[in-house]
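Asks:
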Amino acid sequence: MAKNETPIYNPAEIEPKWQERWEKDGLYHSDVDASRPKHYALTMLPYPSGDLHIGHWYAMTPPDARARFMRMRGFNVLFPMGFDAFGLPAENAAIKNNIHPKFWTYHNIERMRKQMRTMGSMFDWRREAVSADPEYYRWTQWFFTQLYNHGLAYHKMSPVDWCPNCQTTLAREQVWGEDRHCERCGTPVIKKNLDQWFFRTTKYAEQLLKYEGIDWPERVRTLQTNWIGKSEGAHVTFTTEQGDPLQVFTTRPDTLWGVTFMVLAPEHPLVAKITSAEQKSAVYEYIQQAARQSDIQREATDKEKSGVFTGGYAINPVNNERIPIWIADYVLMTYGTGAIMAVPAHDERDFAFAIKFGLPIIPVIDRPDGVSKSFAFPGSTKEGFAEALKAAGIEFVSQPAGDLGEGLLITLRRVQVQPYIELMQHNLQPDNWNEIVGGRWVFIFSDGIQELDSIEADQAILAKCKAIYPPVSTNRTVMEMLNSLPFYQDVLFHPEYGTMIHSAEFTGTPGDRAKTEVTKWLESRGQGKKSVNYRLRDWLISRQRYWGAPIPMIHCPHCGIVPVPDDQLPVLLPDDVEWKPTGQSPLKLHPTWRFVKCPVCGGEAERDTDTMDTFMCSSWYHLRYLSPHYNQGPFDPKEYAYWMPVDTYTGGIEHATMHLIYTRFFHKAGRDMGIMQGDEPVMQLRNQGMVLGEDFEKMSKSRGNVIAPDELVAAYGADSVRAYIMFFARWDMGAPWSSTGIDGTSRWIRRMWTTLLEPAPGGKADQTVIRNLRRKLHQTVRSVTRDFEQFEFNTIISALMELMNEMIKAKQQGAFGTPAWKEATEIYLKLLAPVATHVTEELWQRLGYPYSIHQSSWPAVDEAAAAEDQITLVVQMNGKVRDRIQVPAAISEEEAKALALASESVQKALAGRQPKQVIYVPGRLINIVG
RNA sequence: GGGGCGAUGGCGGAAUCGGCAGACGCAACGGACUUAAAAUCCGUCGAUGGUGACAUCGUGAGGGUUCGACCCCCUCUCGCCCCACCA
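Residue numbers 275 to 1204, in this note's numbering, belong to the letters of the first sequence in order.
1. Measure how close the beta-carbons of A315 and R347 come, nearest whole angstrom, since I'm counting them as under 8 Å.
2. For M355, does the count of other Cβ atoms within 10 angstroms reach 16, so buried, or fall short, so exposed?
3. Quick one: what does DSSP say W1027 is sitting in, helix, strand or coil?
4. Would you call the stretch 321-332 and the stretch 373-389 touching, i.e. three or more CB-CB distances under 8 Å?
5. Please name the residue in K430, T608, R938 and Q516 whose C-alpha comes closest to that of Q481.
6. DSSP three-state call for I935: helix, strand or coil?
7. Assuming A1174 contacts V1155 (C-beta within less than 8 Å), just tell me the rounded distance between them.
8. So, does the stretch 1130-1143 touch the stretch 1155-1173, judging by three or more C-beta pairs under 8 Å?
9. Could you pull the start and end residues of the beta strand (DSSP E) that A508 belongs to?
10. For R474, which option in L1147, H424 and T513 has the closest C-alpha, if you only look at C-alpha atoms?
11. Taking the DSSP output, what are the residues bridged to I828?
12. Can you check DSSP and say which residues form a bridge with G356?
13. Counting Cβ pairs closer than 8 Å, one from the stretch 1014-1025 and one from the stretch 995-1002, do we hit at least three?
14. In the DSSP assignment, the beta strand (DSSP E) including I1193 goes from what residue to what residue?
15. Using 8 Å as the threshold, is the stretch 963-976 in touch with the stretch 946-955, meaning 3 or more CB pairs across them?
16. From which residue to which residue does the beta strand (DSSP E) around F523 run?
17. Starting from H313, trace the beta strand (DSSP E) both ways and give me its first and last residue.
18. Going by the beta-carbon positions, is the gap between I828 and S816 smaller than 8 Å?
19. Any chance the stretch 1001-1010 sits against the stretch 1029-1040, with 3 or more Cβ pairs inside 8 Å?
20. Would you list the residues sitting across from S816 in a DSSP beta bridge?
21. Looking at T513: is its Cβ nearer than 8 Å to the Cβ of I548?
22. For H313, count the other beta carbons within 10 Å of its own beta carbon; 16 or more makes it buried, fewer makes it exposed. Which is it?
23. At the level of alpha carbons, what is the spacing between T924 and D1040?
24. Can you tell me the Cβ-Cβ gap for T511 and G802, rounded? I've got them flagged as a contact below 8 Å.
25. Where does N371 fall in DSSP's three states?
26. Using beta-carbon positions only, say whether D358 and T888 come within less than 8 Å of one another.
27. Inspect the beta-carbon positions of H1128 and R342 and report whether they are closer than 8 Å.
28. Three-state secondary structure (DSSP) at L326?
29. Measuring straight from C-alpha to C-alpha, what distance separates E578 and R623?
30. Using 8 Å as the Cβ pair cut-off and three pairs as the minimum, do the stretch 500-510 and the stretch 520-527 touch?
31. How is the alpha helix (DSSP H) around R898 delimited, first residue to last?
32. Using the rule of at least 16 other Cβ atoms within 10 Å of the residue's Cβ for burial, across every protein chain shown, is N1201 buried or exposed?
33. Use the C-beta contact count for I1193: other C-beta atoms within 10 angstroms, 16 or more gives buried, fewer gives exposed.
34. Could you check if G944 is buried or exposed, using at least 16 other CB atoms within 10 Å of its CB as the buried criterion?
35. Which same chain residues, not among the five before or five after L352, have their C-beta less than 6 Å away from its C-beta?
36. To the nearest angstrom, report how far apart L426 and A982 are at their CA atoms.
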């Protein structure tokens, strides 16, 4: 009985107790306080899907610990929480269970709020924002009208993903798999043209590519940069034979002399006009067929190229060559001008298309030797090639027509840009040509330079092939063989910029100047213009769904599109709506909601019946947290001035190209509208990894590998779960869950509990014990502080475990009850407080410290205590460890070297020889080179 | 096809500036306590050889730079992620 006086650690009792106390005292309220530096720590708000998942804990509790750390370091910390409450899952659940989306959503929010409180985190719930509350979406709508008034929102007809079975549009997240099927019913999605609202994100493309002054992970910056997809090139104007200008975008104006045909998207407006009478039916049929396919089907890379000749021709502005115009679905109306110039010698897609349809690989005119295509070199026709192969000792097997392709070898020597730069980069032996001299070619082979004509060249190249791949087996096709030769591949398509050839007066222009000089020349002739294209599209905002913020616009037959005036916001989402899929926007079917008087002329008008993309709601939630109930604007300017910008933002990498681009766009647009300040909303971004199931698979209900945090809290307590979440993986990487691993952290917390509470004989430890304890203690303060700063949470826990092991040892050696023990106890609890919020508060109280530990300040490092007085000097012989010697930390170089050389194993290894060199790294090692 | 990230014991991971590889924890094994189990405590724990002190090897593979490489450079393999007929 006497032995069991130490109270039992019972998290189920102490955790709710402290949570209530903190709530009651408003311990975590954050208010504007100009006298203190601020720190706005934001973590991505959850969608109220039902239950708090272990992934939520993983995303929220380490940032919570860090926010608490910042707080203890003297910052006035804002760490708010809310719910991204609009969205499709609510509607799906509503349809499935026949309950109202609003009920479903708010029910889940209530449940998740309760679950979040068990985390013991420092959310200031007074600042909670819920995007589906009218007092929230009033301002989402207000932002929409602001964007409209500033010309950043526009309305246009656009194709969207449509599920023909569910009779509704689908969000991008709702379209699954490579065949792009509907998430709910599995039906492949089709495109449908609808009137849509867009935001002009493309206007900010250039600004969004700049990341100056913000500390964001390289990975996210790369993803955003690729997503924005900047291409620099030129618009070049060709002319159709009917006399219409036909503009193309190209990144390679320097290959203009290599154009052999043009391709238009099937939807291109000029198609009808250029199509000849004979080709009309074929063209019409192709357009019909292309329209039936989704973008994804059309864009599938492994798909055979398809296309059809229009019968029309265009004139190449640089050499007046007459070139055929085709249509093909690999050209997209949505990128560039919907028309391309095709240069098979320099573009793989153009090459494949040319091969398939027997189009020339190089322009027929402009041959230095004047030989027409049909009289091409032997190696460039099937028969000639077979002959050349035979001469080289390779048997020609069989080759389907078109596969080998006329001009294959012509391509090799008739590119518009020489590939020598690339060849050198690939470190190939220079088995290739360098330049053409009057119909004969100068080849630089590894065994010397030769000037050859085309026939000789074919044979020489094939001989080289044979040398690289001796006796080629007869069942390899020629194409396979060629493709397996690294230098042929390089030569066939080379995106690098070598010296221009076959390009009239530009021949000889070095690659680094080729593009700009050609572009300048085109500009001077009025045939083209330097130009930049982005892959980024304008942001499509309209959703034909019920559970979202209504778009606050009115369509008036007299005045056109009119925004709802500010004083009439919010446009409330009506509750009495059939949200079931009927093919129409549910708001359109409401008997009265959409009928409204025009705010301008007062006549009969109609509301826009679409709702907004939920990414719109989440683009500004960090501002609503500042003053969630403020009704004079989206946020209180006083709060904005103090808290913004966000100092650290944490969340999953999956938002890199959606939410995080939208948020940056939104902020920059807000800045330009005079609403927000500064160029960026978020200064520092950090991403967490993902928690996998114990089977190393992504957690999912169907796999049955989901870890439920509520059960873990019941079994171990929130403190152990928090600590384990921080410990079991690198936070930015994530890792599979381990149900036994958490026992380790749980044991450690219990061990700490008894170590600090259970009395022991002591108060008389010797100085070495005290010295060692204090050294470890202050070294830990140093490392934990640094790790919190750098989001390295796992090493925080392991450092605290090590310190506890040291304290247990010191306690056994009589340190209990000494001033050093008291210091260690106090500092230990403070270091652990951000992680294990409840147990530290409990022990803090039990050990007689004043409430609350979470208002105490972060410990400082006592550098003298942390310093090592003895160090282990590693003695190496030629980089191999031979000895370790204990020396005073302040040892001089001479003394250290002398000690090292005196070492027995060094003497043995040297065997009487003199060392050639002795490297001394102070405090670490000595390396003797002998 | 393009871009990015990663690879360290049975497992998760550590190694801060190029300087003792494997901290900390899990699992496993041995022991103490117990009628027994749980809990707790003590110990072992990269591979090979050796009773042992110790020796040799060892951070996906190969090469390079360096007195010294998990770390820097080159080539390659595998895995994951993103984009993908973007002109």
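Even glycine gets a Cβ: it sits at the ideal position worked out from N, Cα and C.
Replies: In terms of the structure at hand:
1. With a Cβ gap of about 12 Å, A315 and R347 do not count as contacting.
2. It counts as buried.
3. Helix.
4. In short, these stretches touch, since the Cβ pair count reaches three.
5. For Q481, the nearest C-alpha among the options comes from R938.
6. Here I935 carries a helix assignment [DSSP, helix/strand/coil].
7. Between A1174 and V1155 a beta carbon distance of about 12 Å is seen, past the 8 Å cut, so the two are scored as non-contacting.
8. Touching, yes.
9. Bounds of the beta strand (DSSP E) holding A508 are K504 to T514.
10. Ranking the options by Cα distance to R474, first place goes to H424.
11. Paired residue(s): V836 and R881.
12. DSSP output for G356 lists A403 as bridge partner(s).
13. Counting Cβ pairs under 8 Å, three or more are found: they touch.
14. Looking at the DSSP string, the run of the beta strand (DSSP E) that includes I1193 is Q1191 to V1195.
15. No, the stretch 963-976 does not touch the stretch 946-955.
16. Per DSSP, the continuous beta strand (DSSP E) segment holding F523 begins and ends at P519 to T524.
17. For H313, the enclosing beta strand (DSSP E) starts and ends at K312 to T317.
18. Not closer than 8 Å, so no.
19. Between the stretch 1001-1010 and the stretch 1029-1040 there are fewer than three C-beta pairs closer than 8 Å, too few to call the two in contact.
20. Bridge partners of S816: M886.
21. Annotated as distal: T513 and I548, with beta-carbon spacing of 8 Å or more.
22. Answer is buried; the Cβ neighbour count reaches 16.
23. Taken atom to atom, the span from the alpha-carbon of T924 to that of D1040 is near 47 Å.
24. Right, their Cβ atoms sit about 6 Å apart.
25. N371 sits in a helix when the DSSP states are folded into three classes.
26. The answer is yes: Cβ separation under 8 Å.
27. Yes, Cβ-Cβ distance for H1128 and R342 is below 8 Å.
28. Of the three classes helix, strand and coil, the one that applies to L326 here is coil, per DSSP.
29. Going from the Cα of E578 to the Cα of R623 covers about 11 Å.
30. The stretch 500-510, when compared against the stretch 520-527, does touch it at the 8 Å Cβ threshold.
31. Per DSSP, R898 is one residue of the alpha helix (DSSP H) stretching across Y895 to R898.
32. With 16 or more other CB atoms across the displayed protein chains lying within 10 angstroms of its CB, N1201 is buried.
33. Of the residues assessed, I1193 falls on the exposed side of the cut-off, its CB having fewer than 16 other CB atoms within 10 angstroms.
34. Burial call: buried.
35. The beta carbon of L352 is closer than 6 Å to those of S304, Y314 and W917 in its chain, skipping five residues each way along the sequence.
36. Each residue's Cα considered, the two are about 44 Å apart.
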